[in-house]
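J.: Offset between the sequence shown (1-based) and the working numbering: plus 90.
One structure is given below, represented as C-alpha cells, and several questions about it will come after.
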Amino acid sequence: MKRGERRERFGEEDKKKLDKDLLPFFGTIGVAKIGTLEIREYLNQLTESRELSPSTLSKHLVVIRKVLNEAKTRNYISTLPIFPPVKMKDNPRSWFSEKEYRILRDTARRLAKQDIKVRGVLLTEEIYDFIVFHMNVFVRVSDIKLTKHRHISVENNKGEKYLLVVPTNSKTTVRDSASMETAAVVYERILARNDELGLAGRDDYLFFPQYKNRAYALATIRRQFEFIVNEAQLKYDRFDNPRTLYSLRHSALMFRLLNSEQPDIFYLARNALTSVQQLERFYLSHIESRMKIESLHSFKRRD
91 MKRGERRERF GEEDKKKLDK DLLPFFGTIG VAKIGTLEIR EYLNQLTESR ELSPSTLSKH
151 LVVIRKVLNE AKTRNYISTL PIFPPVKMKD NPRSWFSEKE YRILRDTARR LAKQDIKVRG
211 VLLTEEIYDF IVFHMNVFVR VSDIKLTKHR HISVENNKGE KYLLVVPTNS KTTVRDSASM
271 ETAAVVYERI LARNDELGLA GRDDYLFFPQ YKNRAYALAT IRRQFEFIVN EAQLKYDRFD
331 NPRTLYSLRH SALMFRLLNS EQPDIFYLAR NALTSVQQLE RFYLSHIESR MKIESLHSFK
391 RRD
C-alpha cells in the first residue's frame, strides 16, 4: 500500500477479518502449527456460526495465506500447508429486462410527484435521476456514492455527449469509465438541481449532496429504491431472486451485451472496471440463449 500497488481499502478489509475472526481463532496457535486441519476447522466454525457464502470464506483463506506467506518470508515456517478447497457457486445478480426497466423508471417518476416520504426523507425526482444515471454508467453503486463533480468530465464524440467518470474508491482499479449518452443528459439535470441548493461545486457529491455522511446517503438511496421496486411489483425476478441496487449495474451491462451490434467484451469489461472472466461468469451465462435467438429463428434460404 505504501508503494501505491494496493488501495488502502484492501488493508482495511483484511484488518477487519483479522481482528474479528482470524486472531481470536489462530492467535494463540504457533504459526508453525497451523496446518490443513486447523484451517478446515476454522472454516467449519465460520460456516456453523454465520453461514458465510463460499465467496466470503475464500476471502478469509486469502488473508490466512497472506499471513503464512509473510511467516515464510521471515523464515518462521519453511512451507505452507495445503489449503482446503471451498466449492464456489456463481450467483449472478438479478437484473431488469428492458420492459421491466421502463416500468421501474415510470414508477419512480410517478411516485416523485406524490409528496411521499420514505423514512422521513422526501422521495423526489432525484431518485428517478439516480436510477436512469446508474443504468447509463458502468461503475459500481459504491463508486457513485462517493463521486463528486470533479470526478466527472463531459466529453463530445461527433456531436454526441457522454461522461467520463473516474471512481475514486474503486473496488478494483482507477481509470476512466465512459457512459452512455443519456447519462450526460441526466447529469445536466443533476447540476441544475444541485446548483439551486448551492451544492454544485467541484467537491460536492452528485446525489444527495446535503448528506456528508455517505453511508447514510447510500442507505437513503437504497431505501427509496426498494420502496419504488416494491410499488412497481418488481422486487423479485422470475426465479424469485431479490432485486437490489446492484441490479442496476447488472442491467446496464446486460443491455450493452444484448443491444450492441458487435459487443467488444474486452472493452466492455475494462470500461466497467471488471474483468472478462467476471463478465463470462456473471453475465454471459444469462444472455447466451438470447444471443442465439436470431440463429434459432432463422430459415434456410430456398431457391
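Beta carbons are placed, not taken as given, at the ideal position from N, Cα and C, and that holds for glycine.
Within 10 Å of its beta-carbon, does residue 350 have 16 or more other beta-carbons around it, so buried, or fewer, so exposed?
T.: Burial call: exposed.
J.: What separation, rounded to the nearest whole angstrom, lies between the Cα atoms of residue 288 and residue 191?
T.: Computed Cα separation, rounded: 32 Å.
J.: Let's test the definition: count the other Cβ atoms within 10 Å of the Cβ of residue 186 and tell me whether it reaches 16, buried, or not, exposed.
T.: With 16 or more other Cβ atoms within 10 Å, it is buried.
J.: Classify residue 152 as helix, strand or coil using the three-state DSSP reduction.
T.: Helix at residue 152.
J.: For the beta strand (DSSP E) that residue 242 lies in, which residues bound it at each end?
T.: Start and end: 242-247.
J.: Using the three-state DSSP reduction, which class does residue 322 fall into: helix, strand or coil?
T.: In the structure shown, residue 322 sits in coil (DSSP, three-state: anything other than H, G, I, E or B).
J.: Give the DSSP-derived three-state secondary structure of residue 142 in the structure shown.
T.: Reduced to three states, the DSSP call for residue 142 is coil.
J.: Identify the residues that DSSP records as bridge partners of residue 296: which are they?
T.: Answer is none; residue 296 lacks a bridge partner.
J.: Do the region 273-292 and the region 158-167 touch if we need at least three Cβ pairs shorter than 8 Å?
T.: At 8 Å Cβ cutoff, the stretches do not touch.
J.: Which word fits residue 218, buried or exposed, when buried means at least 16 other C-beta atoms lie within 10 angstroms of its C-beta?
T.: Per the 10 Å Cβ criterion, buried.
J.: Please classify residue 138 as buried or exposed, where buried requires at least 16 other C-beta atoms within 10 Å of its C-beta.
T.: The residue is exposed, with fewer than 16 neighbouring Cβ atoms inside 10 Å.
J.: What would DSSP say about residue 268, mapped onto helix, strand or coil?
T.: Reduced to three states, the DSSP call for residue 268 is strand.
J.: Distance, Cα to Cα, residue 236 vs residue 304?
T.: So the alpha carbons of these two residues sit roughly 7 Å apart.
J.: Helix, strand or coil, according to DSSP, for residue 253 in the structure here?
T.: Looking at residue 253 - three-state DSSP - the assignment turns out to be strand.
J.: Would a C-beta distance cut-off of 9 Å place residue 362 and residue 339 closer than the cut-off?
T.: The answer is yes: Cβ separation under 9 Å.
J.: Since I believe residue 238 is in contact with residue 285 (beta carbons under 8 Å), could you give me their beta-carbon distance rounded to a whole number of angstroms?
T.: Residue 285 to residue 238, Cβ: 14 Å. No contact.
J.: With a threshold of 16 other CB atoms inside 10 Å of the CB of residue 122, please say whether the residue is buried or exposed.
T.: It counts as exposed.
J.: Measure how close the beta-carbons of residue 271 and residue 252 come, nearest whole angstrom, since I'm counting them as under 8 Å.
T.: Indeed, because the Cβ distance is near 6 Å, the residues count as touching under 8 Å.
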